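A.B. asks: For reference, the structure I am asking about is given below.
There are 2 protein chains.
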Amino acid sequence: MAAQRKIPTPSDDEQRAGADLEDLVGYNLKRAYVIVSADFRRTLGMDGFGPRVFSALSLVVQYPNITQSELARMLGIERSGLVAIIDELEGRKLLKRIPVPRDRRVQALIPTDEGRAAYARARDAVRAHEAALLSDLTAEERETLLTLLRKIRQTED
Amino acid sequence: MAAQRKIPTPSDDEQRAGADLEDLVGYNLKRAYVIVSADFRRTLGMDGFGPRVFSALSLVVQYPNITQSELARMLGIERSGLVAIIDELEGRKLLKRIPVPRDRRVQALIPTDEGRAAYARARDAVRAHEAALLSDLTAEERETLLTLLRKIRQTED
DNA sequence: TATTGTTATACTCTATAACTATA
DNA sequence: TATAGTTATAGAGTATAACAATA
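For the protein sequence lines, the chains are E and C, in the order given. Note that this note's numbering has the first sequence beginning at 1, numbered continuously upward. Note that this note's numbering has the second sequence beginning at 1001, numbered continuously upward.
And the structure:
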């Protein structure tokens, strides 16, 4: 016979109380992301790097001369949403918008020396914060997690 | 000697171009969540169920007589943010706020029959949509993913 | 006609602070 | 004093639609 459960007012015909949400990938993704992004902000917030600004700078550093349209596509957001992000990075002198002679609609984005340095510092801080936050996961588990998340991303929506 | 890379304008001293973001758990969590939640909205959007409303209804159905404060704590959001969600669910007659005699500050939340039925339908639809969206993952991979995400959640912020 | 960068606008989600009525 | 529910407010983040310049 099954033991009486102690969980607060468990109900009806489920195997585990509250199991519905716990078994959904979407719900668990959201909850996990909230924890990791909160830690990200705690780590880099004082440097004025939100996740979006950090991600955009990362790609500009790693793909100098990228355009805003290309960057938006890589980040999975709309072109219009990128304007404020680039404005901020340019205002802080971490990158420049450079006219491209052969197509005058386009402006290539290139990081400044200061941008490259600030990015390297931020990247190292983020890596350190993730390593500490996820220290309950073995290196293998962390790699497995990344592999599974990338597999979802390949779904390409 | 290393072969020349073909990736669009790869830069400097990284092993893989653009590898920085790809190796961060936070970035991959975010990208994966965007895909899953967009599919959620496509599936349940016409029924007027956003992720938040769905999650709240789920817990009210599974924990009848729960209070708003308890619910907020379980969902990891602020009490104030729950008011609009409960207003909407009550307005759609999917749950009721019931006064609790022994503590007149509190209102117990109980699902209506219609609320239970609507939730069961929505839950089944979400499960089906997740199964289809994540069909590239084996059952074992999906379980591993849930286990790892729950492990991050246990970090408890 | 199509595309790039841009602006204007609105909507979702969430947090903070303060109020009220109870305890 | 402390807590439950509530309101007001503000700030991210994102999307859609339209526009000017250019292709």
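Note that beta-carbon positions come from the ideal geometry of N, C-alpha and C, so glycine has one too. Being a predicted model, the structure only gives us computed values, none of them experimental.
What does the alpha-carbon distance come out to for the pair A1122 of chain C and K93 of chain E?
C.D. replies: Spanning the two alpha carbons is a distance of roughly 49 Å.
A.B. asks: Measure from the C-beta of R1150 of chain C to each C-beta in chain E and report whether the shortest distance is under 8 Å.
C.D. replies: Yes, because at least one Cβ of chain E sits closer than 8 Å to the Cβ of R1150 of chain C.
A.B. asks: Note down the Cα distance separating G115 of chain E from A139 of chain E, rounded to an integer number of angstroms.
C.D. replies: C-alpha separation (whole angstroms): 30 Å.
A.B. asks: For P1051 of chain C, name the three-state secondary structure that DSSP assigns.
C.D. replies: Note: P1051 of chain C maps to helix in three-state DSSP.
A.B. asks: What does I35 of chain E reach in chain C if we use C-beta pairs closer than 7 Å?
C.D. replies: Near I35 of chain E (Cβ distances below 7 Å), the residues of chain C are I1152, R1153, T1155 and D1157.
A.B. asks: Would you mind stating whether R31 of chain E and R1052 of chain C have Cβ atoms separated by less than 8 Å?
C.D. replies: Cβ atoms of R31 of chain E and R1052 of chain C: not closer than 8 Å.
A.B. asks: Bridge partners of K30 of chain E, per DSSP?
C.D. replies: According to DSSP, which records beta bridges pairwise, K30 of chain E is partnered with nothing at all.
A.B. asks: Can a CB atom of chain C be found closer than 8 Å to the CB of L24 of chain E?
C.D. replies: L24 of chain E counts as touching chain C.
A.B. asks: Given that a residue counts as buried once 16 or more other Cβ atoms are within 10 Å of its Cβ, and exposed if not, what is D1020 of chain C?
C.D. replies: Under this definition D1020 of chain C is a buried residue.
A.B. asks: How about G1045 of chain C: is its C-beta nearer than 8 Å to some C-beta of chain E?
C.D. replies: No, G1045 of chain C does not count as interfacial toward chain E.
A.B. asks: Would DSSP call L137 of chain E helix, strand or coil?
C.D. replies: Reduced to three states, the DSSP call for L137 of chain E is coil.
A.B. asks: In the DSSP assignment, what residue or residues form a beta bridge with L1149 of chain C?
C.D. replies: For L1149 of chain C, which the question treats as bridged, DSSP gives no partner whatsoever.
A.B. asks: E1022 of chain C to R127 of chain E, Cα distance in whole Å?
C.D. replies: Cα to Cα, E1022 of chain C sits roughly 12 Å from R127 of chain E.
A.B. asks: So what does DSSP say about Q1154 of chain C, is it helix, strand or coil?
C.D. replies: Correct three-state label for Q1154 of chain C: helix.
A.B. asks: From the DSSP output, in three-state form, read off D1105 of chain C for me.
C.D. replies: Reading the sequence as shown, one finds Arg at residue 1105 of chain C and not Asp. Coil.
A.B. asks: Can you tell me where the beta strand (DSSP E) holding L95 of chain E begins and where it ends?
C.D. replies: Taken as a continuous stretch (DSSP letters only), the beta strand (DSSP E) holding L95 of chain E covers L95 to P99.
A.B. asks: Going along the chain, which residues of the segment 1074 to 1092 of chain C sit with their C-beta nearer than 7 Å to a C-beta in chain E?
C.D. replies: Listed in sequence order: G1076.
A.B. asks: Are the Cβ atoms of L1071 of chain C and L1089 of chain C separated by less than 8 Å?
C.D. replies: No. Outside cutoff.
A.B. asks: Taking all protein chains shown into account, decide if P1111 of chain C is buried (16 or more other Cβ within 10 angstroms of its Cβ) or exposed.
C.D. replies: It counts as buried.
A.B. asks: DSSP puts I66 of chain E in a beta bridge; with which residues?
C.D. replies: BP columns for I66 of chain E point to E:L109.
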